[in-house]
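Notes for the one structure printed next.
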Amino acid sequence: MGFTTTFLQQLEQETISIVAICKVLNADDLFIQKINELVKTNAANGLLFKAEHFFLSDCISIYRKLGEKETEKSQFALAYYYDVLRNNHFADAKNVSEFDKLVVSPNFKNFLEKVKVENIISNVNSSDFIKVLSENKNPQLEIILLHFYNFLQFSFEKSFENNEITNQFFNSNSNKNQLPKDDSLEKVLQELNELIGLENVKNDVSELINLLEIQKKRTSEGLKNAEITLHTVFLGPPGTGKTSVARLLSRIFKHLGFLSKGQLIETDREGMIAGFVGQTALKVDKVVEESLGGVLFIDEAYALTQNSLGNDYGAEAINTLIKRMEDHRDDLALVVAGYTEPMKIFVESNPGLRSRFNRFFEFNHFSPSELLQIFESIAKKSDFVVTDDAKEKLTDTFELLFEKRDESFGNARVVRNLFEKCVQNQANRIIKIKKLSKKTLKTLIEEDIPEPNETQNQVAFEVKES
Numbered sequence: 212m213g214f215t216t217t218f219l220q221q222l223e224q225e226t227i228s229i230v231a232i233c234k235v236l237n238a239d240d241l242f243i244q245k246i247n248e249l250v251k252t253n254a255a256n257g258l259l260f261k262a263e264h265f266f267l268s269d270c271i272s273i274y275r276k277l278g279e280k281e282t283e284k285s286q287f288a289l290a291y292y293y294d295v296l297r298n299n300h301f302a303d304a305k306n307v308s309e310f311d312k313l314v315v316s317p318n319f320k321n322f323l324e325k326v327k328v329e330n331i332i333s334n335v336n337s338s339d340f341i342k343v344l345s346e347n348k349n350p351q352l353e354i355i356l357l358h359f360y361n362f363l364q365f366s367f368e369k370s371f372e373n374n375e376i377t378n379q380f381f382n383s384n385s386n387k388n389q390l391p392k393d394d395s396l397e398k399v400l401q402e403l404n405e406l407i408g409l410e411n412v413k414n415d416v417s418e419l420i421n422l423l424e425i426q427k428k429r430t431s432e433g434l435k436n437a438e439i440t441l442h443t444v445f446l447g448p449p450g451t452g453k454t455s456v457a458r459l460l461s462r463i464f465k466h467l468g469f470l471s472k473g474q475l476i477e478t479d480r481e482g483m484i485a486g487f488v489g490q491t492a493l494k495v496d497k498v499v500e501e502s503l504g505g506v507l508f509i510d511e512a513y514a515l516t517q518n519s520l521g522n523d524y525g526a527e528a529i530n531t532l533i534k535r536m537e538d539h540r541d542d543l544a545l546v547v548a549g550y551t552e553p554m555k556i557f558v559e560s561n562p563g564l565r566s567r568f569n570r571f572f573e574f575n576h577f578s579p580s581e582l583l584q585i586f587e588s589i590a591k592k593s594d595f596v597v598t599d600d601a602k603e604k605l606t607d608t609f610e611l612l613f614e615k616r617d618e619s620f621g622n623a624r625v626v627r628n629l630f631e632k633c634v635q636n637q638a639n640r641i642i643k644i645k646k647l648s649k650k651t652l653k654t655l656i657e658e659d660i661p662e663p664n665e666t667q668n669q670v671a672f673e674v675k676e677s
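Encoded structure:
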C-alpha cells in the first residue's frame, strides 16, 4: 500500500491521545470497578482489566464487523494500537520503508490473528464500555467515541458520525433484534419487488412464501407437514444483492411466524475461525447466539474449508455450526453465500451440510441496462440528476464492463465506485464557479463520466489487486 511518514506520525499522535484518556479512566476507581463487574471470569489472580483492555477489545470488535474491508493498512493500524496499548511500544516512523514488507509477511499475519483472539474480552458486549461511560455521565464519553471514529478513519478510511458509531458498532441489546413496529409482510414484498433485476430470485422467494403460507394453513387445520428447512444457499458473483435479499428473507420468515425476531447477523471466516484450539467453537457459538430468532448470513462460506493457516479450525467451525443448526432448527435460518462453483464444492464437502441445504438461489450478473438503473437510483437518492448525454456515456461504459466481465466482476459495487468518481469529477469541474446554482450542484454531465476504457482498466486493476 505504500506507508508514509505522515501516516505514521498521525497514527502516533492519535494513539498518544488514547493512552492519555485511558490513564484518566484508570484513575477513576468507580469506573474501573463497574466495568470489571461485567466481566465474568474465573481468573485466580483477581487482576482488574484496565481501560486500554476494553478500548482494544472494542476496536477488535469493530475490526471484525468491517472485516470485508480489511486491508494491509487496517491490519497495521490494529497491530500498532495493540503494541502501544499493551506494550507501550511505538513503531519508529524512520522505519516506514520496512512496514510494506512487514505487513505481507506470514509472521505478521499470525501475530495479528493471535492479537485478535487473545485481546477480545469475550464475556463483555461491545456496548458495555460505552454503556458504563454513558450511565455515569463520564465527560470522556464523547472523546472516546471520537477515538473510535479515528480508528475507523485510520484503519478503513470509513467515515461515521459519533452517533452512527454508537448505533452501528455498539448496539444496545434492547432493540438490536427488533424490527420496526410498522414493518409488515406487504412492506417487505414491496421492497423486494423494487430491487433492480433479480427476477429469478424474486420468483424463488415468491414460491418459498407460497410454500410457507400453505404450511401454516395445513398446521391450522391439524394436518401434518413435511419438514421444511429455511436454510438456503445463495450462488453468484459479488455485488448482486445477496445480502439485501437475505435481510428481506429474515423479515419474511418473521412475519410468516417461522422465526421469532427476524434480524440478520452477517459474518464470514474471520468472524468464525480462531487461530487456537478450542477458540473457534466459542466464536461460532457467539455468532449463533446473536442470530437466534433470525438469519445468520455467512458470506464467502467456502472460505471455511480453505486451510490457509495450516490448521483444521475450519472443520471445527463447520462441525460446531451443524450441531447448532440442529439444536436451534426451530428458530434459526442459515444463509450461506459465495461464488457458484466454490459454494457447490463447499456444500458437498460435508454430509451434514448437504443434508441441511436443499434450496439454492441463483444470483446473476446485472445486465448493462440494469447497471444503468442502479447508477440512476444511487444518483437519485443522493440528490443528483444525470443528463441524457451522460447516460449515453454510462451505457457505453456498462456495455464494455459487461462484455469484459468475469466471475469476480463487482456489479453494484462497481457502479457505486463509478458514481463516487463521477461526483469527484463534477466537484473538480464546478469548484471554480463563483455562483453555483442548485441545478449545477445537482447535475452530472457527460464530462463528469470517466471514459469507458478508463473505468474498465480501473475495474481490472482492482480485481488484480484483491
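Letter by letter, the sequence shown follows residues 212 to 677 in our numbering. We treat Cβ as the ideally placed atom computed from N, Cα and C, and that holds for glycine. All of these numbers come straight from a predicted model, not from anything done at the bench.
Q: Excluding the 5 residues preceding and the 5 following Ile476 in the sequence, name in chain order all residues of the same chain whose CB lies nearer than 6 Å to its CB.
A: Glu501, Ser502, Leu507
**Q.** First through last residue of the beta strand (DSSP E) which encompasses Gly695
**A.** Here the chain has residues from 212 to 677 only, and residue 695 is not among them.
Q) The beta strand (DSSP E) spanning Asp510 covers which residue range? A) 506-510
Q. What whole-angstrom Cβ distance do Ile656 and Asp600 have, given they're in contact under 8 Å?
A. 7 Å
(Q) Quick check on Ala262: buried or exposed, where buried means 16 or more other Cβ atoms within 10 Å of its Cβ? (A) buried
Q: Reducing DSSP to helix, strand and coil, say where Val315 ends up.
A: coil
Q) Just to confirm, are Gln490 and Val328 a CB contact at a threshold of 8 Å? A) yes
Q: For Arg429, count neighbouring Cβ atoms within 10 angstroms of its own Cβ and tell me buried if that reaches 16, exposed if not.
A: exposed
Q. If you count every other CB in all the chains shown that lies within 10 Å of the CB of Glu405, and 16 or more means buried, which is it?
A. exposed
Q) In or out: His300 buried (at least 16 other Cβ within 10 Å) or exposed? A) exposed
Q | CB contact below 8 Å: Leu459 versus chain C | A | No chain C is part of this structure, which consists of one protein chain only.
Q | 8 Å Cβ cutoff met for Ala548 and Phe445 | A | yes
**Q.** Under 8 Å between C-beta atoms of Phe287 and Val314
**A.** yes
Q. Who does Phe572 pair with in a DSSP beta bridge?
A. Phe445
Q.
What does the alpha-carbon distance come out to for the pair Ile642 and Leu629?
A. 20 Å
Q: Measure the beta-carbon distance from Val499 to Val456 and round it to whole angstroms, keeping in mind my assumption that it falls under 8 Å.
A: Contact flag wrong, Cβ pair sits at about 21 Å.
Q) Going by DSSP, what residues sit across from Val597 in a beta bridge? A) Leu655
Q) Under the three-state reduction of DSSP, which class applies to Glu329: helix, strand or coil? A) helix
Q) If you draw a straight line from the alpha carbon of Asn436 to that of Gln426, how long is it in whole angstroms? A) 7 Å
Q | Continuous alpha helix (DSSP H) stretch holding Glu410: start and end | A | 410-431
Q | Helix, strand or coil at Ile229 according to DSSP, with G and I counted as helix | A | helix
Q.
Using the three-state DSSP reduction, which class does Glu610 fall into: helix, strand or coil?
A. helix
Q: Can you tell me which of the three DSSP states Ile463 falls into?
A: helix
Q) Just how far apart, CA to CA, sit Asn386 and Tyr550? A) Any answer about Asn386 is weak, because its pLDDT of 44 lies below 50 and its placement is not dependable; what the coordinates show is given next. About 33 Å.
(Q) Using 8 Å for Cβ pairs, my map puts Asp496 next to Thr531. What's the rounded Cβ distance? (A) 7 Å
Q) Taking C-alpha atoms, which residue in Thr651, Val625, Glu631 lies nearest to Asn668? A) Val625
Q: Could you tell me the distance, in whole angstroms, from the CA atom of Leu409 to the CA atom of Glu225?
A: 45 Å
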